[in-house]
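If you read the sequences in order, they're chains Y and U. Residue numbers 0 to 228, in numbering that gives the first Met the number 0, belong to the letters of the first sequence in order. Residue numbers 0 to 264, in numbering that gives the first Met the number 0, belong to the letters of the second sequence in order. Notes for the one structure printed next.
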Amino acid sequence: MSIVTFKGTREGVAVTLGGGAWHDVLHELTTQLNRPGAQTFFQGARVFLETGGRALNVTQIEELIALLAQHQMTLSAVSGAARAQEAFDQVRAAMPAPPEALAEEPSAPPAPAPAPSEKFALLIERTVRSGQNINYAGTVVVLGDVNPGAQVIAVGDVIVWGKLRGVVHAGAAGDENAMVGALILAPTQLRIGKQIARAPDASGPRARRFPEIARVRDGHIIVEPWMGT
Amino acid sequence: MPGRVITITSGKGGVGKTTATANIGVALARRGQRVACVDADIGLRNLDVVLGLENRIVYDLVDVVEGRARLRQALIKDKRLPELVLLPAAQTREKSAVSEKQMIKLCDDLKKEFDFVLVDSPAGIELGFKNSLAPADEVIIVVTPEVSAVRDADRVIGLTEASEKRSPKLIINRLRPAMVRRREMMDTADVLEILAIELIGIVPEDETIITSTNKGQPVALEDRTAAGAAFTRIAQRLLGENVPFQAFDHSEGWLNRLTDLFRKQ
């Protein structure tokens, strides 16, 4: 279990802190934010911090806000330990109100709450060719092939209605419940969350001709026939 | 009616872009089409060598673009075919000597007087490739049945599609039927499965290409050789004739079905 986990949600990014020394937490957070690909997802995102049992003081909250600001992210809410929430309220009270809050019409009707099962997906109706990258902070659906040399990176699932032969990363923000499914699943490299699997080096004629799905089970990526859920 | 600007490109070097440009040009000119071959590989010109016209160069593409020569002065008439001309590249300059805008203007001028303007693109995906792509009405990708060439072709197809050009057409060059039969080489179906674009020709490996290139006598001047006949068929397909594909490999039945599939799109 990582000491910092990210989960992309409809409203922003949920960041959960685990146990461990504070400087380790900050270090892990910096590492995760600086991962290649991560920046595009997180840029401009609102962050919902879940501190777990960790009590944070005002200085620590300010450190977090400064770190997130470097990635154009804002800390929107803090939940978890009461002391952390109080610290956040203090910091926020001392700061000028963010411009987006001012722009909000008080009389505007509240946005309808999304149904819990509703997710955003990016639909790509073409072949993703060598050298092309798809990055998306949700699920990616490709109606076409993903060719060798192409990359699809998604915070959610990746579904390919065609041949998947490039590099694919589902759950790119750390979600190991994400899955990858394809009509022909033969990626150069397949990543889910932090797990990495690659194609066998001996490229024998063992390409299977039926849909398959890859998931993480017990810390390993497993591939099984896609028989519906 | 203005002519068609067709850019011939590949990503990877050495797959036969220049040979294809010269031979398609020759095959089209033999069928009475007015053809201008443009060498866009500035600094590494060799379309003139393949066409056997090197000793006639006075002015080149960069001279025209920079106003030192009129377009007509720089065009070299082929010694065998009155319908064919070459606009050679400058050998002493670099790709940055011309811009996309200048290439578009140049090809616009050429297509007023020629039925076909064939642009021989340099390898790579940098400036020279972009300059060649900019004026294209159509794009032909040359690929050899090798994993690395197919990978690069896929990249170039992606870039072509991204520049809002029509889907390119594919020439599979240097296919070796015996190796395909032994399953030691990718066959046509394998290549098409990845690239998924319309096939416009398959050119078998042919040793006469090497001697003809060295002598500056393109094989397509005659239909005697397998490669020459293959380039003639490509020219016919460009002119809208429905020429069946030759059975160079075992997978012909499935291949024709596949090519039919792409043609219908």
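Note that CB positions come from ideal geometry on N, CA and C, so glycine has one too.
{"query": "Just how far apart, CA to CA, sit Gly173(Y) and Ala196(Y)?", "result": "15 Å"}
{"query": "For the structure I just gave you, are there three or more beta carbon pairs, one from the stretch 144-154 of chain U and one from the stretch 126-135 of chain Y, closer than 8 Å?", "result": "yes"}
{"query": "Lys16(U) lies in the alpha helix (DSSP H); which residues open and close that run?", "result": "Lys16 to Arg29"}
{"query": "Secondary structure at Ser75(Y), three-state DSSP: helix, strand or coil?", "result": "strand"}
{"query": "Report yes or no: do the stretch 125-132 of chain U and the stretch 14-30 of chain U share at least 3 C-beta pairs separated by less than 8 Å?", "result": "no"}
{"query": "Quick check: the stretch 64-73 of chain U against the stretch 34-45 of chain U, are there 3 or more CB pairs under 8 Å?", "result": "no"}
{"query": "Just verifying my parser: in three-state terms, what is the DSSP assignment at Asp40(U)?", "result": "coil"}
{"query": "Who are the neighbours of Gly157(U) on chain Y, taking C-beta pairs under 7 Å?", "result": "Arg128, Ser129, Gly130 and Gln131"}
{"query": "When DSSP builds the beta bridges, which residues end up paired with Asn132(Y)?", "result": "Gln150(Y)"}
{"query": "Can you tell me which residues form a DSSP beta bridge with His168(Y)?", "result": "Ile152(Y) and Arg190(Y)"}
{"query": "What does Ala195(U) touch in chain Y if you count any residue whose Cβ is under 8 Å from its own?", "result": "Thr126 and Asp144"}
{"query": "Determine whether the Cβ of Gly161(Y) lies closer than 7 Å to any Cβ atom of chain U.", "result": "no"}
{"query": "What first and last residue would you give for the alpha helix (DSSP H) that runs through Gly157(U)?", "result": "Val146 to Ala161"}
{"query": "For the stretch 167-178 of chain U and the stretch 191-203 of chain U, state whether three or more C-beta atom pairs, one from each stretch, are separated by less than 8 Å.", "result": "yes"}
{"query": "So with CB distances below 8 Å, who are the chain Y contacts of Arg154(U)?", "result": "Arg128, Ser129, Gly130 and Gly148"}
{"query": "Using DSSP with H/G/I as helix, E/B as strand and the rest coil, what is Leu121(Y)?", "result": "strand"}
{"query": "List, in order along the chain, the chain Y residues whose C-beta lies closer than 7 Å to that of Arg150(U)?", "result": "Ser129, Pro147 and Gly148"}
{"query": "Looking at the secondary structure, which residues open and close the beta strand (DSSP E) in which Trp21(Y) lies?", "result": "Where Trp21(Y) is concerned, there is no enclosing beta strand (DSSP E), although the alpha helix (DSSP H) it sits in stretches over Trp21 to Asn33."}
{"query": "In the DSSP assignment, find the beta strand (DSSP E) that holds Asp62(U) and state where it starts and stops.", "result": "Note, Asp62(U): premise wrong, no beta strand (DSSP E); alpha helix (DSSP H) at Leu60 to Val64."}
{"query": "Taking Cβ positions, are Leu109(U) and Ile75(U) nearer each other than 7 Å?", "result": "no"}
{"query": "May I have a chain-ordered list of the beta strand (DSSP E) segments no shorter than 3 residues that lie completely inside the stretch 152-232 of chain U?", "result": "168-174 and 197-203"}
{"query": "Given the structure, does Val142(U) come close to the ligand GDP, in the sense that its CB is under 6 Å from one of the ligand's heavy atoms?", "result": "Looking at this structure, you won't find the ligand GDP or any other ligand, since it has none at all."}
{"query": "Buried or exposed: where does Met0(U) fall if 16 or more other Cβ atoms within 10 Å of its Cβ makes it buried?", "result": "exposed"}
{"query": "Using the beta-carbon count (16 or more within 10 Å), is Pro115(Y) buried or exposed?", "result": "Its pLDDT being 45, under 50, Pro115(Y) is placed unreliably by the model, and the measurement read from it follows with that caveat. Exposed is the call here."}
{"query": "Which of helix, strand or coil does DSSP assign to Phe115(U)?", "result": "strand"}
{"query": "Considering only the alpha carbon of each residue, which of Lys6(Y), Glu62(Y) and Phe5(Y) lies closest to Leu25(Y)?", "result": "Glu62(Y)"}
{"query": "Hey, could you find the ends of the beta strand (DSSP E) Leu126(U) is sitting in?", "result": "Leu126(U) -> not in any beta strand (DSSP E); alpha helix (DSSP H) instead, spanning Leu126 to Leu132."}
{"query": "Determine the extent of the alpha helix (DSSP H) in which Ala13(Y) is found, giving its start and end residues.", "result": "It is not in any alpha helix (DSSP H) - Ala13(Y) instead sits in the beta strand (DSSP E) that spans Val12 to Leu16."}
{"query": "Given this structure, state the Cα-to-Cα distance separating Met185(U) from Thr29(Y), to the nearest angstrom.", "result": "46 Å"}
{"query": "Is Thr58(Y) helix, strand or coil by DSSP?", "result": "helix"}
{"query": "Tell me the DSSP bridge mates of Ala213(Y)?", "result": "Val179(Y) and Val222(Y)"}
{"query": "In whole angstroms, what separates the C-alpha of Val49(U) from that of Pro199(Y)?", "result": "43 Å"}
{"query": "By the three-class DSSP mapping on this structure, what secondary structure does Leu52(U) have?", "result": "coil"}
{"query": "Am I right that Arg125(Y) and Gly137(Y) are in contact with their C-beta atoms under 8 Å? What's the rounded C-beta distance?", "result": "Actually they do not touch by this definition, with Cβ atoms about 19 Å apart."}
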